[in-house]
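Just so you know, the sequences run in chain order C and H. According to our numbering, the first sequence holds residues 5 to 578 in order. According to our numbering, the second sequence holds residues 155 to 462 in order. C-beta atoms are modelled at their ideal positions from N, C-alpha and C, and glycine is treated no differently.
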Amino acid sequence: MKKLLSLLLAVIMVFALVACTGDNNDDVSNATSTMTLNVGAYPDTIDPALNSAVDGATYIIHNFVGLVGYDANGDLAPMCAAEIPEAVTLENGMTSYTFTLRDGLKWSDGTDLDANDFVYSWNRAANPQTAADYEYMFDVIDGYGTDTLNVTASEDGKQLTVVLPVDVPYFMELCAFPTYMPVKQEVVEANGDAWATKAETYIGNGPYKVSKFTQAELVLAKNEYYWDADSVVTDEIVFAFNDDDSSLLANYKNGSYLFIDSVPQDEIESLEANYPNEYFVEGQLGTYYVSFNVNDPALEGFTEEEKADIRHALGLMIDRNYVCTDIGKAGQVPAAGFVAMGLTEPDGTEFIANNGVNRDGNGYYSVAAEDYAANCAEAVALLEGVAQSSGKFTVENGVAVGFPSLTYITNEGTGHEAVAAYLQAAWGTYGITVNVETQEWATFLNTRKNGDYSVARNGWLGDYNDPISFLDMWITESGNNDSQFGKDAHATYAGYDGKTWAESYDAIIAQVKASKDPEERFELMHQAEDILMQTGAICPIYYYTDIYMCSEKIEGFFSSPLGYKFFMYASVVE
Amino acid sequence: MDSKLALYIVKRLLLAIFTVFLIITITFFVMRAIPGGPFLSEKSPSAEVTAALEAKYGLDKPLFEQYITYLKDLLHGDFGPSIKNRGRNVIDLIMEGFSVSAKTGLIAACVAIVIGLTLGALAAVFHDKWIDNLIMVLTTAFVAMPSFVIATILLLIFCIAWPILPANGNADGGLILPIIALALYPMSYITRLTRSSMLDVLGQDYIRTARAKGVSGAKVIFKHSLKNAVTPVITYVGPMIAYILTGSLVVEKIFAVPGLGKYFFSSITNRDYPMVMGTTIFLATLMVIMTLISDICYKIFDPRVDLN
């Protein structure tokens, strides 16, 4: 038995020795130029149809390209299409676009790609059976919701015609979106969802192709079959998977990574000071906000008007400048409306430059630091009004007495919890007791979606450059209607110009979607935001920013407002 | 004797199978009882998509039926697909992660055992001398320090202040720091166990007899004392190896090691039910096997132990 034990030990030691020496020498690359970057952890999926994550989208845009895409200046430009087509109005009032594809388009395995591939890919992504998070991105195309989209390829496969019931201004942007990128039917059908998990079957048509895909990294090599292969300078891109902020920074500082998409919160100030040319803060299409449940049982007994006044008062008590500069510390912009900054109107102005009931860009309340005291005074006045009309509590010297206590839910995360603590203190000053409950992520999402809460931390990132991406989420039946508008007791409340939520908000969103006049469409969206803000249930705090560190050695890189990182035109200079 | 041992092993194996089955059952139903589900996200997919996903993963069936299906698949070695990582099988994800974690963990375990035993024996032999005190101070510190503190300190020292080692596990030599971070706690624990058990043995009559008979110092320590002092260490080492082989969430995160550790946590956060089951079964099985092996080793080192 002792011999057996010695043998066992010897085997273990040999195994350990083999394990030690069996390092990653199998991926010797002949690349002449390479860059190692980080934009996130091991992705859930890199299938263009299934992905809904920002990091996933970055991997996808390097391996696939749509009809249109972004050129080296970050401008929308034709890619698979030879040029951006003009809209044609059809006899039935619908709009059609006919894209003529470039000659000689190929997949990364050298086989031909034509318009039929787009027909297949779009129908696949829009089919609920594919179960793509972003299948609704195709709701602008005729036939959405039926078996097939109204997208057809010409007989020779050179042209693709797509019919839209209503011409939407952001259609070309959608065509550049990952969900609209073509996938190769044979590999998808032969491998199922697994096609996008292995380098051998991950066939694309973009500037790069996958040469290695492990849980540690995604290695991309230049795709010689890319239509514009000459514009791709760097031979190899390595996306290292890592989502630990401290580890990211250590790897960035010692030069292992030339780009990191996230930094530790408490390092922001020192990075800003010490790396002025490498630390970047960019605007992002998103809003961090607090949502109130309109059917909150804690406020039962108050009328709907009183509830709205209470919510408005709580919203006015928030010092958004303090949250941005002392908690967020990442260049966040105090928000005076729900629709984020960075979205453009037909006349080229920013949507937020025209927001607020007066359409003057001052929003729905003032976020100027000097107006904070006035906001608080207004909040107290609102509370006094509610105290008087309801008789359920009193306001003495600006402090509410006997006000029901509320619960604020948030998920874990230093930033979220700091905001929660601040809100608790700010509201506490006015006698409003708020208990903070930190929930585990999936539990939190569940509680919030089901409306089992009073007040919740919330955040939204737009999907494309159009305000509708921030507005249609609040219709009664939307899965993202966390405030529970138009549901239960709120369903019958006719407080929006004498109309219920369904008659006012849902109707206006339907009008936006059917509108063919861009200016009218934007005015309707402003009206929708007016109604939304009138509820007080959506309480914007700040507009998101995207922080990243990019080495000075990288040239030609850019980031989009959706947070996608473009390295296909980038090179490393020593 | 051998047939007795064989019978014992068979009995233990049957018990192990029953234990794992019990764990599967409990985990399956408890996991489903927690609120939330795998398809929730900041942006909800539409009702049709959610329904299609539920049908795809069989989550639309009654819970008990799902349980029976799961057990049947499991008997065929099918752990099912991961819900979070579309297109990936649970077993593939686990094995990919395990190949990295096991490599790191095995080296860390060997380091911990060898250094732990040596330091423990040294401390006992030089009881109350400066060397004993030094070893005790250090090992107490390492036992008390949580692994994220140790890992962060190692990262700060060797990757930033004095950058001689890479900060990511995927680079050449990148596994050195994670191995050290993983090994320090068990090494210190083994040192302390060995020391106290060895002190106990060194005070025994037979050691005094051996010394009186003129047996050399080294022989007394290695043949007579260490061998007998090692039994409590074995009890600890079995489960320790099971834990260390399956990776540490914290250490793997800090050093970007693409191991198995992250799945124990992320699968629960994501409510990736098949992945939760897979990781639990994997760890439970490994744990049961390692405990069995350490019990057998126990018997070999100390023949007085009655297996029944």
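Which bits of chain C does residue i rub up against, with CB to CB less than 9 Å?
i	result
H/N239	Y46, P47, D48, T49, T201
H/L403	Under the 9 Å cutoff, chain C gives no residues; its nearest Cβ is about 10 Å from H/L403.
H/F183	Those within 9 Å of H/F183 in chain C number zero; the least Cβ separation is about 17 Å.
H/P199	S56, A135, A136, D137, Y138, E139, Y140, G483
H/A277	Chain C residues near H/A277: none, gap ~24 Å exceeds 9 Å.
H/G190	E444, W445, A446, T447, F448, L449, N450, T451
Please return the same chain residues whose Cβ sits closer than 7 Å to the Cβ of residue i, not counting the five positions on each side in sequence.
i	result
H/S421	M429, V430, T433
C/V407	Sequence check: residue 407 of chain C is Phe here, not Val. Once the five neighbours on either side are set aside, the close Cβ partners of C/F407 are F397, G435, I436.
C/E282	M553, C554, S555, E556
C/T25	Only weak support exists for where C/T25 lies, its pLDDT of 40 falling under 50; the coordinates are left without a value.
C/E580	Since the first residue shown for chain C is 5 and the last is 578, residue 580 of chain C is missing from the structure and cannot be characterised.
C/T329	none
C/M5	Confidence in C/M5 is poor, its pLDDT being 45 and thus under 50, which makes the residue's placement unreliable; the coordinate value appears in the next sentence. Excluding positions up to five away in sequence, the list is empty.
C/S100	V92, L94, T165, V166, V167
C/D300	S458
Could you spell out the range, first to last residue, of the alpha helix (DSSP H) harbouring residue i?
i	result
C/Q538	522 to 538
C/D59	58 to 67
H/G172	Gly is not the amino acid found at residue 172 of chain H; the sequence shown has Phe there. Counting along the chain, the alpha helix (DSSP H) containing H/F172 begins and ends at 156 to 187.
C/W445	445 to 453
H/P332	330 to 356
What are the start and end residues of the beta strand (DSSP E) that includes residue i?
i	result
H/T389	H/T389 -> not in any beta strand (DSSP E); alpha helix (DSSP H) instead, spanning 385 to 399.
C/M553	542 to 554
C/T104	99 to 104
C/N358	Taken as a continuous stretch (DSSP letters only), C/N358 belongs to no beta strand (DSSP E), as it is neither H nor E.
C/M39	38 to 44
H/S448	It is not in any beta strand (DSSP E) - H/S448 instead sits in the alpha helix (DSSP H) that spans 427 to 455.
C/I241	240 to 245
C/E221	221 to 226
C/S215	212 to 217
C/N462	459 to 465
My guess is that residue i and residue j are in contact by the Cβ rule of under 8 Å, so how many angstroms apart are they, rounded?
i	j	result
C/G290	C/Y548	4 Å
C/A460	C/D492	No, C/A460 and C/D492 are not in contact; Cβ-Cβ is about 17 Å, not under 8 Å.
H/T258	H/G413	7 Å
H/I447	H/G392	6 Å
C/W306	C/L41	According to the sequence provided, residue 306 of chain C is Phe. The question's Trp does not apply to it. That belief does not hold up - the Cβ atoms of C/F306 and C/L41 are roughly 53 Å apart, past 8 Å.
C/Q189	C/Y124	5 Å
H/S350	H/T293	11 Å between Cβ atoms; not a contact.
Looking only at its chain, what residues have a beta carbon closer than 6 Å to the beta carbon of residue i, apart from the 5 residues adjacent to it on each side?
i	result
C/Y138	S56, T183
C/D113	I207
H/A256	L399
C/V192	W199
C/Y509	I535
C/R452	A460, D486
Residues in the same chain with beta-carbon distance under 8 Å from residue i, minus the five sequence neighbours each way, listed in chain order, please.
i	result
H/V442	A170, T173, V174
C/A35	With a pLDDT of 46 at C/A35, under the threshold of 50, the predicted position of this residue should be treated as unreliable, though the coordinate-derived value follows. The answer, listed in chain order, is A225, D239, E240.
H/L217	F183, R186
C/D364	N358
C/L109	C84, D116, L117, D118, N209, W231
H/C313	L319, P320, A321, L331
C/E507	A498, Y500
H/N243	F233, G234, P235, S236
Starting from residue i, find everything on chain H with Cβ-Cβ shorter than 9 Å and list it in chain order.
i	result
C/K257	C313, I314, P317, A321
Starting from residue i, find everything on chain C with Cβ-Cβ shorter than 8 Å and list it in chain order.
i	result
H/V203	P132, A135, A136, D137, E139
H/L194	A446, L449, N450, K453
H/T423	E444, W445, A446
H/L207	A135
Since residue i meets chain C, which of its residues come closer than 7 Å, beta carbon to beta carbon?
i	result
H/K210	A135
Cβ closer than 7 Å: which chain H residues qualify as neighbours of residue i?
i	result
C/E221	N324
C/A254	L309, C313, I314, A321
C/D197	R240, G241
C/S260	P320, A321, N322, A325
Residues of chain H with CB closer than 8 Å to the CB of residue i, please, in chain order.
i	result
C/T218	E250, P412
If you measure beta-carbon to beta-carbon, which residues of the region 294 to 325 of chain H are closer than 7 Å to chain C? T306, L309, C313, I314, P317, P320, A321, N322, N324, A325
Residues within the region 129 to 143 of chain C neighbouring chain H, beta-carbon criterion of under 9 Å: Within the region 129 to 143 of chain C, the residues whose Cβ lies closer than 9 Å to some Cβ of chain H are N131, P132, Q133, T134, A135, A136, D137, Y138, E139, Y140, listed in chain order.
Chain-ordered residues of the region 223 to 252 of chain C with a beta carbon less than 8 Å from chain H: A244, F245, N246, D247, D248, S250, S251
Quick one: which residues of the region 385 to 410 of chain H get their C-beta closer than 7 Å to a C-beta of chain C? List them in chain order. K407, I408, F409, A410
Contact residues within the region 244 to 266 of chain H, judged by C-beta distance below 7 Å to chain C: E250, G251, K257, L260, I261, C264
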